[in-house]
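*Asks:* My questions will all concern the structure given below.
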Amino acid sequence: YILGIIFVIIVDILQLIFPKYLGIITDELQKSHITIKGILRYIGIIIAVAAAAMIFKFLFRVYIFGAEKKLEYGLRKKLFDHLLTLSPSFYNTHKTGDLMALATNDINAIRMAMGTGVVLATDTIFLTISVLIIMIKTIDFKLTLLALIPMPIIAIMSLKFGKIVRNRFTAVQEAFSSLTDKVQETLSGIRVIKSYVQEMDEIKNFNNTSKNAFEKNMKLAKLWGIAFPFVQLIATISFIIVLGYGGTQVILGSISLGDFIAFNTYLGMLIWPFMAFGWIVDLIQRGNASLDRLNDIMRVKPEIIDNNPDDMEEINGHIVMDNITFSYAYDQEPVLKDIDLDIQAGNTLAVIGGTGSGKTTLVNLIPRMYEKYNGKIYIDGHDVYKIPLSLLRRNIGYVPQDNFLFSATIKENIAFGKTDATMDEVIKASKIAMVYDDIISFPDGFDTIVGERGVTLSGGQKQRISIARALVMNPKILILDDSLSAVDTQTEEKILNGLNKFMKDRTSIIISHRVSTIEHADEIIFIGDGVIKERGTHKDLINLKGHYCNLYQKQLLEEID
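All residue numbers for the sequence shown refer to the working numbering, where the first residue is 1 and numbers rise by one.
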């Protein structure tokens, strides 16, 4: 930046030379004192000055705009890195469109302020001061004062415009965020839209959102559009004053014709900084508004962080939940109430219950996806708060209900949690998950690119690839959250047989709506309304004749039907 600013100043100095030589040439031509050799000499000087200006213009662009690009790269990387540190709850309250707008439009506005804005600010300050000194010292003080009478009006109006521009630009950015969010949501849900024949309604909704963005942009464009004509009007008044008074001074012989021409050239150079002043204010206001939006996100502290963790190197998998009560917000009813569990390392716990009973929330507390609960969770005798996050999550293979796959190859999706996994490990995991035969049936096998969110695969294939992704990590704790719901009973039985061998020395927690999936677990808990209503083995719960037994009998009747 410092070198770039120096080069901008050198360019401005070189630009200041040209009007002076133009005035000298005019005076010498008027007096007929100049020769062909003299004209050629002045032409050579002007060409040399222009060539030097070209070189230094190139240099300041390389240095300042290069720094601007580095800033853009650094900010975008810093934002992305920060977003990955934030807790899952952050994304419950922040739209994807807003975050996308931050990473594109807002960072671009900051870049412009720190690139073009810096160049214009340096140019404006230096040129204004230099030109005024030259006009006053070398031409005519009174003429300079008269020419400058209208100029403060430009500066004052630019400042007035600045505040309005900032507010309107903030509105433009918010409208762009809504537009981005609408497009992203519509394209993600395109199959649902088509299934329910809602194309026309979605087009109408998009048009409303797009129209709002258009109107906000037009308000800003109108404000900015009036600025340049206004500046040109003021500049014209300045030239009229100069033409009237300066022309009279030339006739009276107070200043030479060359000085008059040089003065007009300098005045033209002075108009640009005053015009640029409004542009600078606009760029800075836009950049400032975007920086405020960016800082609002950057100031968000991750809720889930390491806090003086214990010195641990491995996890065995003994999980204890001691009187856990949890709610998503302080003013909401608890989702889980007084949960007590003791899962020995290598054992399997099964969780069953109705929709919304708190099953998923329960398992999400173990890898610390949520915090701020009453009670304690221990793994191998260590409070989970004291276990290093990377160690904790690296040892938990979690297959959530939402089987998210990336737009990458099947191999890359399976090896996502262990990027250095060998092909043998990937194949082994896929065989246990009973998805190997499906994969090799594809023309490209494991190199098959899956569509966005795995859309080119069936629900069962996505579930099984997600299971393989968890297995390839070779975790000490395996959590399956209703991850066999999209496969048929026969495939489910084969997967469970393979998993039984895999889970032999691992702690496993299986959530399911099917009793057949969990009946061989070491312990089964039935959750309802956030509390454990029943617990025991499959045989114990059948003998209890309670909620679990009723569910089991219903599912038996469904299978018979």
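Idealized CB from N, CA, C, for every residue including glycine.
Take D402 as the anchor and find which of Y373, S466, T409, G451 has the nearest alpha-carbon.
*Replies:* The residue given as residue 402 occupies position 402 in the sequence shown. With distances taken between Cα atoms, D402 lies closest to S466.
*Asks:* Going by the CB atoms, is the gap between E523 and L349 shorter than 8 Å?
*Replies:* Translated into positions along the sequence shown, residue 349 becomes position 349. Translated into positions along the sequence shown, residue 523 becomes position 523. Less than 8 Å separates the beta-carbon of L349 from that of E523.
*Asks:* Alpha carbon to alpha carbon, how far is I134 from F263?
*Replies:* Translated into the one-based positions of the sequence shown, residue 134 becomes position 134. Translated into the one-based positions of the sequence shown, residue 263 becomes position 263. So the two alpha carbons sit approximately 9 Å from each other.
*Asks:* For R514, which option in I304, S483, I193, M157 has the closest C-alpha, if you only look at C-alpha atoms?
*Replies:* Against the sequence shown, residue 514 aligns to sequence position 514. Comparing Cα-Cα distances from R514 to each of I304, S483, I193, M157, the minimum goes to S483.
*Asks:* Please work out which residues of its chain come closer than 6 Å, Cβ to Cβ, to G546, disregarding the five sequence neighbours upstream and downstream, and give them in chain order.
*Replies:* Translated into positions along the sequence shown, residue 546 becomes position 546. Result list for G546: E534, in chain order.
*Asks:* In three-state terms, what does DSSP make of D106?
*Replies:* The residue labelled residue 106 in the question sits at position 106 within the sequence shown. DSSP places D106 in helix when its eight states are reduced to three.
*Asks:* Give me, in chain order, the residues of the same chain whose beta-carbon lies closer than 7 Å to that of S327; leave out the 5 immediate sequence neighbours on both sides.
*Replies:* Taking the first residue of the sequence shown as 1, we reach residue 327 at position 327. The residues are E333, P334, V335.
*Asks:* Within this structure, are the beta carbons of I377 and M321 separated by less than 8 Å?
*Replies:* Indexing the sequence shown from 1 puts residue 377 at position 377. Indexing the sequence shown from 1 puts residue 321 at position 321. Cβ distance < 8 Å, so I377 and M321 count as in contact.
*Asks:* Taking contact to mean 3 or more Cβ pairs, one atom from each stretch, closer than 8 Å, check whether the region 218 to 225 and the region 121 to 128 are in contact.
*Replies:* Counting C-beta pairs closer than 8 Å gives fewer than three between the region 218 to 225 and the region 121 to 128, which falls short of the contact rule.
*Asks:* What is the DSSP secondary structure of S1, counted as helix, strand or coil?
*Replies:* Walking along the sequence shown from the start, residue 1 turns up at place 1. It is worth fixing the name first, because residue 1 is Tyr in this sequence and not Ser. Note: Y1 maps to coil in three-state DSSP.
*Asks:* Sorted by chain position, which residues of the same chain lie with C-beta nearer than 7 Å to R453's C-beta, five sequence neighbours on each side aside?
*Replies:* Within the sequence shown, numbered from 1, the residue matching residue 453 stands at position 453. If the five residues before and after R453 are omitted, its C-beta is found closer than 7 Å to the C-beta atoms of F404, L405, all from its own chain and listed in chain order.
*Asks:* Roughly how many angstroms separate the alpha carbons of I190 and I203, rounded to a whole number?
*Replies:* Within the sequence shown, the letter at position 190 stands for residue 190. Within the sequence shown, the letter at position 203 stands for residue 203. Going by the C-alpha atoms only, they are around 12 Å apart.
*Asks:* Can you tell me where the beta strand (DSSP E) holding R535 begins and where it ends?
*Replies:* Mapped onto the sequence shown, residue 535 falls at position 535. 531 to 536 is the span of the beta strand (DSSP E), which, as asked, contains R535.
*Asks:* Let's see if you can read the secondary structure: which residues bound the alpha helix (DSSP H) around K628?
*Replies:* Residue 628 lies beyond the range of the chain shown here (1 to 561); nothing can be said about it.
*Asks:* With DSSP as the reference, label V455 as helix, strand or coil.
*Replies:* Taking the sequence shown and counting its residues from 1, one reaches residue 455 at position 455. Correct three-state label for V455: coil.
*Asks:* Report yes or no: do the region 28 to 47 and the region 70 to 89 share at least 3 C-beta pairs separated by less than 8 Å?
*Replies:* no
*Asks:* Check for me: the beta strand (DSSP E) holding I339 runs from which residue to which?
*Replies:* Along the sequence shown, one-based indexing puts residue 339 at 339. Run containing I339: 336 to 343, per the beta strand (DSSP E) assignment.
*Asks:* I'd like to know whether the C-beta atoms of I396 and T448 end up nearer to each other than 8 Å.
*Replies:* Taking the sequence shown and counting its residues from 1, one reaches residue 396 at position 396. Taking the sequence shown and counting its residues from 1, one reaches residue 448 at position 448. Their beta carbons are not under 8 Å apart, which means I396 does not touch T448 by this criterion.
*Asks:* Check whether the region 2 to 13 touches the region 54 to 62, taking contact to mean three or more Cβ pairs, one atom from each stretch, closer than 8 Å.
*Replies:* yes
*Asks:* Hey, could you find the ends of the alpha helix (DSSP H) N500 is sitting in?
*Replies:* One-based indexing of the sequence shown puts residue 500 at position 500. 489 to 502 is the span of the alpha helix (DSSP H), which, as asked, contains N500.
*Asks:* Which residues in the same chain as W279 place their Cβ atom closer than 7 Å to its Cβ, once the five residues preceding and following it in sequence are excluded?
*Replies:* Within the sequence shown, numbered from 1, the residue matching residue 279 stands at position 279. Taken in chain order, the residues that qualify are L120.
*Asks:* Expressed to the nearest angstrom, what Euclidean distance is found between the alpha-carbon atoms of S407 and F80?
*Replies:* To locate residue 407, count along the sequence shown from 1; it is residue 407. To locate residue 80, count along the sequence shown from 1; it is residue 80. Separation of S407 and F80 (C-alpha to C-alpha, rounded to the nearest whole angstrom) is 19 Å.
*Asks:* Among all the DSSP beta bridges, which residues are the ones paired with N307?
*Replies:* Reading the sequence shown from its first residue, position 307 is the one you call residue 307. Answer is none; N307 lacks a bridge partner.
*Asks:* Could you tell me if F228 is buried or exposed, where buried requires 16 or more neighbouring beta carbons within 10 angstroms of its beta carbon?
*Replies:* Your numbering for residue 228 matches position 228 in the sequence shown. It counts as exposed.
*Asks:* Just grab the DSSP bridge partners of M321 for me.
*Replies:* If you number the sequence shown from 1, residue 321 lands on position 321. DSSP output for M321 lists L341, I377 as bridge partner(s).
*Asks:* With a threshold of 7 Å on Cβ separation, who are the neighbours of L71 within its own chain once the five nearest residues in sequence on each side are excluded?
*Replies:* Taking the sequence shown and counting its residues from 1, one reaches residue 71 at position 71. Hits under 7 Å: R111, M114.
*Asks:* Determine the closest residue to D562 out of H318, Q249, N105, F502, with distance taken between C-alpha atoms.
*Replies:* The structure shown does not extend to residue 562, since the chain spans only 1 to 561, so no value can be given for it.
*Asks:* Report the rounded CA-to-CA distance for S357 versus I324, giving the unit in angstroms.
*Replies:* Here residue 357 refers to the residue found at position 357 when the sequence shown is read from its first residue. Here residue 324 refers to the residue found at position 324 when the sequence shown is read from its first residue. Those two C-alpha atoms are separated by around 15 Å.
*Asks:* Can you tell me the Cα-Cα spacing of H382 and D310, whole angstroms?
*Replies:* The sequence position of residue 382 within the sequence shown is 382, counting from 1. The sequence position of residue 310 within the sequence shown is 310, counting from 1. Distance between the alpha carbons of H382 and D310 is about 8 Å.
*Asks:* From the DSSP secondary-structure annotation, give me the bridge partner or partners of T409.
*Replies:* Position 409 of the sequence shown, counting from 1, holds the residue named residue 409. Paired residue(s): I449.
*Asks:* In whole angstroms, what is the alpha-carbon distance linking T360 and D529?
*Replies:* Working through the sequence shown from its first residue, we reach residue 360 at position 360. Working through the sequence shown from its first residue, we reach residue 529 at position 529. Each residue's alpha carbon lies about 13 Å from the other.
*Asks:* Quick check on the burial criterion: 16 or more other C-beta atoms within 10 angstroms. Buried or exposed for I55?
*Replies:* The residue given as residue 55 occupies position 55 in the sequence shown. So I55 counts as exposed.
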